[in-house]
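J.:
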Amino acid sequence: MPNPFPTIDPKHLIAYGKVRRTHGNQGEVILALVSPAFEVLEPQFLFLLIDEIPVPYRLASIRGGGEQFIIGFEGIDTLTDAETLVGLEAQIHQDELPEEHSNISLTFRNYQLQHVGGELIGRIVDIDSSTTNILILIERPNHSEVTIPLVEQWIASIDDHHRIITMDFPLELLDL
């Protein structure tokens, strides 16, 4: 089956998980999901970010549950091959998401969040709209994660071209 995504526009990719480690010696890896909501998905492809370029890998197998899965990729058959994937971020194409996922979670995912003071806070990896207050999960430059409420009054600007949201929020939220 040919790749249904011959040219990839990164704005159509959604953070799915991260390759944590290898599993066994047959080329499988353990992938930790960014959201438990994704455990019901069985995507055909995962896009692994290699030097910030999304490279499609067809799934050969997927098993497990909860917030991590054991994944096998076509063409990755040895422990040595699998070791090259450890630490890479995995993304899925938005077309593989069920329709019930909200548009807001597709719109701002992978945007950079910047404070009005100029500080780069990090990258938006997930948006939780299941509660009254919409929450954004930010991956900080040091790879830690922080959750911030997405409050309309705090949004100073949205630059869709550069994919940056600038917000005026209390910096103390970063320490919670």
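Note that full-length UniProt numbering gives residue 26 to position 26 of the sequence shown, counting from 1, and the numbers run on in steps of one. Even glycine gets a Cβ: it sits at the ideal position worked out from N, Cα and C.
Using DSSP's beta-bridge definition, name the partner residues of LYS18.
T.: Partner(s): ALA32, GLU89.
J.: Spell out the partners DSSP gives SER157 in its beta bridges.
T.: DSSP, once it has assigned bridges, lists THR166 as partnering SER157.
J.: Which residue from ILE164, HIS161, VAL125 puts its Cα closest to that of residue 191?
T.: Residue 191 is absent from the structure shown; the chain starts at 1 and stops at 176.
J.: Take every Cβ of the stretch 25-35, pair it with every Cβ of the stretch 75-83, and state whether three or more of those distances are shorter than 8 Å.
T.: As far as the Cβ criterion goes, the stretch 25-35 touches the stretch 75-83, which means the pair count is three or higher.
J.: So what does DSSP say about ASP128, is it helix, strand or coil?
T.: Looking at ASP128 - three-state DSSP - the assignment turns out to be strand.
J.: Output the boundary residues of the beta strand (DSSP E) element that contains GLU83.
T.: No beta strand (DSSP E) contains GLU83, which is instead part of the alpha helix (DSSP H) from 79-83.
J.: Would you check if there are 3 or more beta carbon pairs closer than 8 Å linking the stretch 109-126 to the stretch 50-58?
T.: The stretch 109-126, when compared against the stretch 50-58, does not touch it at the 8 Å Cβ threshold.
J.: Check LEU173 in the structure and name its three-state DSSP category.
T.: Helix at LEU173.
J.: Give me the residue from ASP95, PRO149, LEU174 with the minimum Cα distance to ASN142.
T.: Checked all of ASP95, PRO149, LEU174; the closest Cα to ASN142 is LEU174.
J.: Let's test the definition: count the other Cβ atoms within 10 Å of the Cβ of GLN91 and tell me whether it reaches 16, buried, or not, exposed.
T.: Buried.
J.: Compare the C-alpha of LYS11 against each of LEU171, TRP154, MET167, HIS161 and name the closest.
T.: The candidate whose alpha carbon is nearest that of LYS11 is HIS161.
J.: Out of ARG140, TYR111, PRO43, point me to the one whose CA is closest to GLN94's CA.
T.: Here the closest residue by C-alpha is PRO43.
J.: Just the C-alpha distance for VAL151 and GLU74, rounded to the nearest angstrom, thanks.
T.: If I take the Cα positions, the gap works out to 42 Å.
J.: Buried or exposed: where does GLN153 fall if 16 or more other Cβ atoms within 10 Å of its Cβ makes it buried?
T.: So GLN153 ends up on the exposed side.
J.: Assuming GLY97 and ILE14 form a contact by the criterion Cβ under 8 Å, report the distance between their Cβ atoms to the nearest whole angstrom.
T.: Here the sequence assigns Leu to residue 97, which means Gly is not the residue at that position. Going by Cβ atoms, the distance from LEU97 to ILE14 rounds to 7 Å, so yes, they are a contact pair.
J.: In the DSSP assignment, the beta strand (DSSP E) including ILE138 goes from what residue to what residue?
T.: Counting along the chain, the beta strand (DSSP E) containing ILE138 begins and ends at 135-139.
J.: Would you mind reading off the limits of the beta strand (DSSP E) that contains VAL49?
T.: Reading off the sequence shown, one finds Leu at residue 49, where the question assumed Val. Per DSSP, LEU49 belongs to the beta strand (DSSP E) from 45-50.
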